[in-house]
Structures are given as C-alpha cells and as structure tokens.
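Student:
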Amino acid sequence: MAPTLLFLLLLLAPPNFCGQFLSRFINIALLIPKDDFYLSSYNKVVPGIDSAIATVVNRTLLHRLSLVFRFSNTRCSNIYAPVGAIESYKEGFADVFFGPSCDYALAPVARFMKFWDMPLMTGGGLVHNFSKNKTNLSAEFYGTIRTGLTFRGISKAAISVLNKFNWKKLLFLYEPDGHSQVTGPSTCRLFGNTFIDAIRTFAKLVDWRAFD
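Numbered according to mature numbering (1 follows the signal peptide of the UniProt record, and there is no 0), the sequence shown spans residues -18 to -1, 1 to 194.
1) Going by Cα to Cα distance, which pick from S162, L144, Q163, N148 is closest to residue 215?
2) Who are the near neighbours of V27 in its chain, counting only those whose CB is closer than 6 Å to its CB and skipping five residues on each side?
3) Can you round the beta-carbon distance between L108 and T165 to whole angstroms, since I take them to be within the 8 Å contact cut?
4) Tell me the residue span of the alpha helix (DSSP H) that contains L172.
5) For the region 48 to 117, list the alpha helix (DSSP H) runs that are entirely contained and at least 4 residues long, ordered along the chain.
6) Under 9 Å between the Cβ atoms of C58 and Y24?
7) What does the Cβ neighbour count give for F177, buried or exposed, with the cut at 16 atoms within 10 Å?
8) Check whether the Cβ atoms of V65 and F79 sit closer than 9 Å, and answer yes or no.
9) What do you get for F112, buried or exposed, if any count of 16 or more other CB atoms within 10 angstroms of its CB means buried?
10) Rounded to the nearest angstrom, what separates T126 and D99 at their Cα positions?
11) Tell me which same chain residues have a C-beta within less than 6 Å of the C-beta of S137, skipping the five on either side of it?
12) For F133, which residues from the same chain have a beta carbon less than 8 Å from its beta carbon, with the 5 sequence-adjacent residues on both sides left out?
13) Between L187 and L131, is the Cβ-Cβ spacing less than 9 Å?
14) The ligand FAD heavy atoms versus the CB of R134: any closer than 8 Å?
15) Compute the distance between the beta-carbons of R41 and F75, then report whether it is under 9 Å.
16) Taking just the CA atoms, how far does Y20 sit from T183?
Shown next, in the form of structure tokens:
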C-alpha cells in the first residue's frame, strides 16, 4: 500500500515556483465501517495506514505537509457512506477519500468524484464495473483508484483451471448473503453473478448449473 499512497500524496502536494512543497495540510476523509465484523473496519485498517504514512514521511518527500484524517462510519451502507462523504466535502475536509470499502457503499460515493474533482482510493470495488477504465471523465467511477483484485479476475483465474484440465461439467454452489464481512451485503451474490457471467464468456463447458 505504501507505494500507492506515496504516489497519491505527491500528486496532492502542489509545488511552488521554487520546486519546494507549500506548507499545507492534506485532509483525508476516511470512510470505513466502525464495526469489527468487517474486514475493513476502523481498528483493522488504521494501523496499516499509519504504517504506510510513516514510511513515506520518513523518506522526507512530504516536507512541510501535515496529514489530517477525518473518520466517518459508513456502517457498510449505501445510505450512511454518501452522507459522510458529503459532510466531509461541504466542510472542506476532503482532499482525498480513503474508502468506502463495501461495494454498495462505494458506488454512490465514487460517482461524486468526477464532480468534486477529487481522488478516491479503496481496497474494495470488487464487482466488474469498478474494474473498467476510469481515466476518462465520462467514466462512471472516474477518479477511483482500486488497490486489490476483482471478482472478475478471480473468476477468470478459476476458469483457466477448468479449461486447463478440460473439465466440462461444473456445479456451482453458493450462499447469496455469505461472507458479508468482505465487501458488505450480498458479497457472495455479487461474486456469483460475476462468476456465472465469466463462465458464459470464457469457460469451455458442456454443462454447468448454479444453486444458491
């Protein structure tokens, strides 16, 4: 995470005409759930962020810059997450957003970024739409930076195994609301939909069935 964080912070730090960084704060709006049920809860994420920041600060590349965090509890909800984002933006406390991590919470917040002209970095965004090209201003999630895998990437890896061993029949069993600690409600349903779509596109199967 440290290299990605370093790159992002350097982009946020405006140089003056002498090439030295201006004295200023970088306000980071941290949008994650407080409940430790989730893998991306405050208590589990903040130590990693602290470690990454310590690494980049020790390199003295962020001279005269102070990093200030503001935490908003998203509750992994598509209602509370955008409220927290809007409050941070309206109060001028957001140069960059970290999170949300839950996909349903992330979607509405990520759509704001093109209008606010701000970056958002997340370890979530596992569904396929978040993996599409986001460098064009017309992109739905323009300004969103993902740091992890996607369900589509995982699906393609699994299907490559099926194809390699020439397995022709597949029974796919899943619990739609299972593993909600990963990316919020319906984690397995979202993965299941992605996997089934990938099967139709990439797998060399004679017969396949899915049961939830």
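Where is the CB? At the ideal position from N, CA and C, for every residue including glycine.
This one's a predicted model, so the numbers in the text were calculated from it and none came from an experiment.
Tutor: On the basis of the data shown:
1) A question about residue 215 goes unanswered here, because the residues of the chain that appear run from -18 up to 194.
2) Cβ within range, chain order: I14.
3) Their Cβ separation, rounded to whole angstroms, is 5 Å, which keeps L108 and T165 in contact under 8 Å.
4) Taken as a continuous stretch (DSSP letters only), the alpha helix (DSSP H) holding L172 covers 169 to 184.
5) Taken in chain order, the complete alpha helix (DSSP H) segments of 4 residues or longer contained in the region 48 to 117 are 62 to 72, 85 to 98.
6) Y24 is positioned such that its CB atom lies no closer than 9 Å to that of C58.
7) Result: buried.
8) No; because the gap between Cβ atoms is not below 9 Å, this pair is not in contact.
9) A residue is called buried once 16 or more other Cβ atoms fall within 10 Å of its Cβ, and F112 is buried on that count.
10) Rounded to the nearest angstrom, the two C-alpha atoms are 11 Å apart.
11) Residues T176, F177, A180 of the same chain have their beta carbon placed closer than 6 Å to that of S137, with the five preceding and five following residues left out of the count.
12) Around F133: L108, V109, H110, L172, F173, T176, F177.
13) Against a cut-off of 9 Å, the Cβ pair of L131 and L187 comes out as no contact.
14) The ligand FAD is absent from the structure shown, which contains no ligands of any kind.
15) The beta carbons of R41 and F75 sit no closer together than 9 Å.
16) CA-CA distance, T183 to Y20, rounds to 32 Å.
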